[in-house]
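For reference, the structure discussed in these notes is given below.
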Amino acid sequence: MSKSAKLNVRIDPETKMQAEELFHNFGLTVSDAINIFLHQSIMYGGIPFEIRMPELGAPNEETKKVLDDVKNHKNLVGPFDSMESLMEALNN
């Protein structure tokens, strides 16, 4: 029985280059990383991490900060005595 089997994978050149650089920083080759992934998949009984689509309409960092401020009652403006004072605050 052979001690290793050959696996050919097609991947775009940019992804390959980024993966090689990333794994090199860990002292690994892409082949090492693929072997780790395959062994973990077997041990896990499936993909060893969650796969999902990114949330559509997920808040960006600015929105997250504003939501956090509201939750913590920080950087709030108001209440307003009149519609004019509200409009003035919105325009500033």
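Sequential numbering from 1 applies to the sequence shown in full-length UniProt numbering.
Even for Gly, the Cβ is constructed at its ideal location relative to N, Cα and C.
Taking the CB atoms as reference points, tell me whether Ala89 and Val77 lie closer together than 8 Å. yes
What is the DSSP secondary structure of Ser4, counted as helix, strand or coil? coil
Distance check for Phe49 and Ala19, CA to CA, integer angstroms please. 18 Å
Please report the straight-line C-alpha distance between Arg10 and Ser31, rounded to a whole angstrom. 13 Å
Does DSSP put Pro13 in a helix, in a strand, or in coil? helix
Between which two residues does the alpha helix (DSSP H) holding Ile36 run? 30-44
Candidates Ile34, Phe23, Leu22, Glu14, of which the one nearest Lys6 by Cα: Ile34
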